[in-house]
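> My questions all concern the structure below.
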Ligand code: M6R
């Protein structure tokens, strides 16, 4: 996830583009840049680092102009460096491009452009767009035609804004990444979302996939598939203060609802007809991996447990270690052990220490993280990005789902190279996970159920198989943000001790996956016999007897492994609404920090 902004009008626009970048900082903040269209050139200023640093440099270095584009980056292709910051330019410096999304065919395009003499100065997928426009201009195309021809060659997801020297327009296109157009009194704006320009106008046109927009200083037109189209304008009533969270009261709720697109980003270009392809890991010899050790903390530990299970089911020796316990009794390792550090922030001290020990002992190390350039990416031999986009809320939500998605791809990649005929993960259902997540999040059930139980002092979460790590995660989420006692257990373990704590005042949330449900139902009977109310998290159409539960949270019917992942979305909403009913500080819960950089 990155943020793009553009403005064009009859008055200078640089201040509004800088303001827009600050409004978009929550979408990415590892590097940023601006390009301004002047009478006879384009002026570009871009930097690794936060927007506040760029703003001072832009004010000092760039002349103002009546058309400009800007970008704040959350790296996916190449580390956060000055060279990889947007805008990207062509060989001549006549074309400047900002982009949000992933261009899946960038390698093929880059090779072709190189063959035609184009020189690249960044590691990004985006730079191909500037060179494609340049190539069309060289062939004699009019600017608007050149832009359209370039866009037509892109595969993947993109929202782009383009400036071309000598043309007084701004061009933009959208496919699979968000882009909104703001209509002001004497200026038009483009932004990854409306909060980018909410200080300047409340009139917004939401663009659709396939739209190509041409903005002049006094008008704009939208075409799709070569035909001019009309997109209605809407009036938004956000104040600038509300803007970053959009329509949501908290970042956590916003991030919960971003999961369908986060899943898409995690999978994009990696799930192919020929199996799983992980471009970043081409140098890793999967055939030499004999065992997999995960090291992680908190939510990342739960994602790791999930992946450990599915590797073991497929015949791979896999274990998960709490990173905070690893240094006390590290397991024996050598280069045939792949030690996978799972950490969304990439900065968790316990995880870094565990990976340091494993690497020193000879293990092959791999970081699975959300943050390009984070410490863990430098501490490991290889790294795989989960591409969830920045997560502001302290409670991990979309990063958990993207971790699971990325780890499933990793597990499949490991199994793929073994050439075993063990049945694989249901990848067709993984491809449908984003849509099923969107359907799950439409459900109003969790809010109503949460408000009924918000006054309870202790909650139990139970599940077996893939629902076990989700039960742990559901409990962690609830305790973090509601400050109420919550514990997760393997369903079959209740009778070995925790059952002693169950009373009519202990709501039990029982997760069902569609596999081994009868056993979990027996465990439900055990708590019901002690008077506990039970909330069943069940797949739609399940033959479980719904009347047996006090309340039900349903998820779309899919493969058991993915039912568990969807069940977690209901648990996130449940935790959120309990905490909201109790008026807790949801985005910044007491005593907790987003990155835990001490052991
Ligand atoms: O950045 P990491 O994934 O390494 O963080 C690990 C834990 O600190 C983290 O998951 C923590 O448990 C979250 N607050 C969970 O919501």
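Numbering (my numbering), first residue to last: 605 to 1203. All residues carry an ideal CB built from backbone N, CA and C; glycine is no exception. If you're wondering where the values come from, they're calculated on a predicted model, not measured in any experiment.
For the alpha helix (DSSP H) containing residue 668, list its first residue and its last residue.
Segment: none, residue 668 is in no alpha helix (DSSP H) and carries neither H nor E.
> What does a CB cutoff of less than 7 Å around residue 694 pick up in its chain, not counting 5 residues either side in sequence?
734, 735, 737 and 738
> Going by DSSP, what residue range makes up the beta strand (DSSP E) through residue 1091?
1089-1094
> I need the straight-line Cα distance from residue 611 to residue 805, nearest angstrom please.
12 Å
> What is the C-beta distance between residue 898 and residue 924, in whole angstroms, given that I count them as a contact (C-beta under 8 Å)?
About 4 Å separates the two Cβ atoms, so the contact holds.
> Between residue 1079 and ligand 1, is the CB less than 7 Å from at least one heavy atom?
no
> With respect to the beta strand (DSSP E) encompassing residue 1155, which residues constitute its N-terminal and C-terminal limits?
1155-1159
> According to DSSP, residue 1143 sits in a beta bridge with which residue or residues?
1159
> In its own chain, which residues sit with a C-beta less than 8 Å from the C-beta of residue 1083, not counting the 5 before and 5 after it?
1089 and 1090
> So what does residue 1113 bridge to, in DSSP terms?
1065 and 1139
> Quick check on this structure: which residue in 623, 1022 and 1166 has the alpha carbon closest to the alpha carbon of residue 1030?
1166
> Among 650, 726, 704 and 856, which residue has its Cα nearest to the Cα of residue 797?
704
> Residue range of the beta strand (DSSP E) that residue 629 falls in?
From DSSP, residue 629 is part of no beta strand (DSSP E); its letter is neither H nor E.
> Which residues bound the beta strand (DSSP E) around residue 902?
Not the beta strand (DSSP E): residue 902 falls in the alpha helix (DSSP H), residues 902-917.
> In chain order, what residues have a CB nearer than 5 Å to some heavy atom of ligand 1?
901, 902, 903, 904, 947, 948, 949, 952, 999, 1000 and 1200
> Excluding the five sequence neighbours on either side, which residues of its own chain have a C-beta within less than 7 Å of the C-beta of residue 648, listed in chain order?
637, 639, 691, 693 and 700
> Please name the residue or residues paired with residue 838 in a DSSP beta bridge.
808
> Skipping 5 residues on each side, what residues in its chain have a beta carbon closer than 7 Å to that of residue 1135?
1107 and 1108
> Starting from the C-beta of residue 912, find all residues in its chain whose C-beta is less than 7 Å away, skip the five residues before and the five after it, and write them out in chain order.
898, 922, 923 and 924
> Would residue 626 and residue 860 qualify as a contact pair, given that the criterion is a beta-carbon distance under 8 Å?
no
> Quick one: what does DSSP say residue 722 is sitting in, helix, strand or coil?
Here residue 722 sits in coil by DSSP.
> Under 8 Å, with one C-beta from each stretch per pair, do the region 1092-1099 and the region 1062-1082 reach the 3-pair mark?
yes
> For residue 631, count the other beta carbons within 10 Å of its own beta carbon; 16 or more makes it buried, fewer makes it exposed. Which is it?
If you draw a 10 Å sphere on the C-beta of residue 631, you find 16 or more other C-beta atoms in it, and that means buried.
> Where in the region 753-835 do unbroken runs of the beta strand (DSSP E), each at least 3 residues long, occur, reported from the N-terminal end onward?
760-768, 774-779, 784-787, 791-795, 807-810, 815-819, 824-828 and 831-833
> By the 10 Å Cβ neighbour count, where 16 or more other Cβ atoms means buried, how is residue 1111 classified, buried or exposed?
buried
> Straight-line CA distance for residue 614 to residue 818?
16 Å
> State buried or exposed for residue 1189, treating a residue as buried only when at least 16 other CB atoms are found within 10 Å of its CB.
exposed
> Is it right to say residue 675 is buried, meaning 16 or more other beta carbons lie within 10 angstroms of its own, or is it exposed?
buried
> Skipping 5 residues on each side, what residues in its chain have a beta carbon closer than 6 Å to that of residue 879?
Only 1020 meet the Cβ criterion.
> Specify the secondary structure class of residue 1040 as computed by DSSP and reduced to three states.
helix
> So which of 940, 951 and 973 has the shortest CA-CA distance to residue 962?
940
> Going by DSSP, what residues sit across from residue 931 in a beta bridge?
Partner(s): none; residue 931 has no beta bridge.
> Taking its Cβ as the centre, do 16 or more other Cβ atoms sit within 10 Å of residue 1040, making it buried, or is it exposed?
That one is buried.
> If contacts are defined as beta-carbon pairs under 8 Å, then residue 728 and residue 682 qualify, I think. What distance do you get, rounded to the angstrom?
The pair is a contact, with the Cβ atoms about 5 Å apart (cut-off 8 Å).
> Whole angstroms is fine: what's the gap from residue 900's alpha carbon to residue 714's?
Residue 900 and residue 714: Cα-Cα distance of roughly 37 Å.
> Which residues in the same chain as residue 1153 place their Cβ atom closer than 6 Å to its Cβ, once the five residues preceding and following it in sequence are excluded?
1138 and 1140
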